[in-house]
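Here's the structure, in structure tokens; my notes come after.
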Amino acid sequence: MKRVLIEVYLGLAVAAMIVGRWVLALTHFVFGAPKPDENYRQLREAESELFVRRVTGRRLHDA
């Protein structure tokens, strides 16, 4: 009985995730995907710069 309840809850969780993804996709289709603002773009660039500097030891824009 306990196993059946676990399987039911797990199935409901998976179904909720699938429905949530479809709702998100439909809202993006209907209203358009949100456009990242300037701060978000600057943050991504800074994170890329730090990652490259950690991996290679050089700056991203160095030749």
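Each step along the sequence shown adds one to the number in the numbering used here, with nothing skipped, and position 62 is 98. Just so it is clear, CB atoms sit at the ideal spot from N, CA and C, and this is done for glycine as well.
Report task. With DSSP as the reference, label Trp38 as helix, strand or coil. Result -> The displayed chain sequence assigns Lys, not Trp, to residue 38. Reduced to three states, the DSSP call for Lys38 is helix.
Query raised in the report: In terms of residues, what are the limits of the alpha helix (DSSP H) holding Arg94?
Result: From DSSP, Arg94 is part of no alpha helix (DSSP H); its letter is neither H nor E.
**Report entry** Backbone secondary structure at Ala69 - three-state DSSP
**Finding:** Looking at Ala69 - three-state DSSP - the assignment turns out to be coil, as it is neither helix nor strand.
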